[in-house]
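To keep things clear, I will list the structure first and then write my remarks on it.
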Amino acid sequence: MPSRSQTGSAFITGIAACCLLLAFTHAGPARALDFSDLAREGELKFFSQRPDPQAYRYESRVRISEDSLSSGLVGLSTCHRALDPNARIVIAFNPQRVRHIAIISTEGVGDARVVDHRVEVSQVQRGGSICIDLVSQALERTGEDRWRLHAGPLMRRYLDGYLPMQASLSFQWPEGLLALRETRPGPQPGVQVASTRSGARIDLVFAGRLNAALELESGSR
């Protein structure tokens with residue numbers, strides 16, 4: 007039965023198509039997940055409560071400006087938290103989208119550096135974290151006064167399947183600049199959506215490969 011701390015595979019996450027590769031895993035004893043908590047290839051499960059609440063989680067904050075509507079460029083602040091102990095982690099970003107990468111903070115890691123379109127992290131301790139800021143071309147115009155913001159794919163690999171993961175995605179824009187039309191996936195157990203005149207938020211608990219998106223339109227300023 008898989009351990010809650012066993013992650014000898016890959017995490018894929020982020021609006022910038024970020025891939026977190028775990029080179030070596032030294033997992034200590036942990037309570038076991040049920041096999042029903044895992045997702046097989048091609049399967050996507052949502053959970054109203056996370057089966058492994060102390061395990062890896064991903065957070066991102068996307069900043070959309072008025073200039074973003076024409077350029078497609080958005081600013082992101084991302085954090086990978088509650089990492090498992092690993093000798094080396096590589097966080098790789100899509101070179102076609104990412105324009106800038108900066109390491110903002112680390113905790114419980116020996117070293118972290120930006121190399122081309124990736125961040126290389128070594129000697130990660132249990133519960134370690136790393137926060138990274140970047141600029142990405144993630145906003146796509148879909149019509150007159152309409153845009154789509156892609157978030158994903160998000161996943162937490164385990165062998166030939168997927169472990170549960172938690173993702174908190176927040177989106178900010180000037181008040182009245184945009185309005186949220188819909189999200190994919192929509193609200194359901196394991197997916198909480200909230201929006202205001204100045205942003206939106208999606209909180210997800212799931213296992214599998216998830217491609218999320220926000221459909222946006224011009225707001226009434």
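Heads up, the final residue of the sequence shown is numbered 227 in the numbering used here, and it's a clean run with no missing numbers. Ideal placement from N, C-alpha and C gives every residue a C-beta, glycine not left out. None of the values given here were measured: they were computed from a predicted structure.
In the DSSP assignment, residue 75 falls within the alpha helix (DSSP H) that extends over 74–77. When the Cα atoms are used, residue 184 and residue 79 turn out to be separated by approximately 15 angstroms.
Per the coordinates, the alpha-carbon of residue 223 lies some 11 angstroms from the alpha-carbon of residue 155. Per DSSP, the unbroken beta strand (DSSP E) holding residue 120 starts and ends at 117–121. Around the Cβ of residue 43, a 10 Å sphere holds 16 or more other Cβ atoms; the residue is buried. Counting only residues of its own chain and dropping the five nearest sequence neighbours on each side, residue 220 has a CB closer than 6 angstroms to the CB of 155, 189. The C-beta separation of residue 65 from residue 85 comes to about 5 angstroms, placing the pair in contact by the 8 angstroms criterion. With distances taken between CA atoms, residue 160 lies nearest to 62 out of 194, 186, 77, 62. Judged by DSSP in its simplified three-state form, residue 41 adopts helix. When the five nearest sequence neighbours on each side are left out, the beta carbons in the same chain lying within less than 7 angstroms of the beta carbon of residue 181 are those of 203, 204, in order along the chain. For the 8 angstroms CB-CB criterion, residue 195 and residue 52 form a contact. At least 8 angstroms separates the beta-carbon of residue 115 from that of residue 97. Nearest Cα to residue 150 within the set 55, 75, 39: 75. Per DSSP, the continuous beta strand (DSSP E) segment holding residue 108 begins and ends at 104–113. Residue 62 carries a coil assignment under DSSP once its states are collapsed to helix, strand and coil.
With 16 or more neighbouring CB atoms inside 10 Å of its own CB, residue 214 falls in the buried class.
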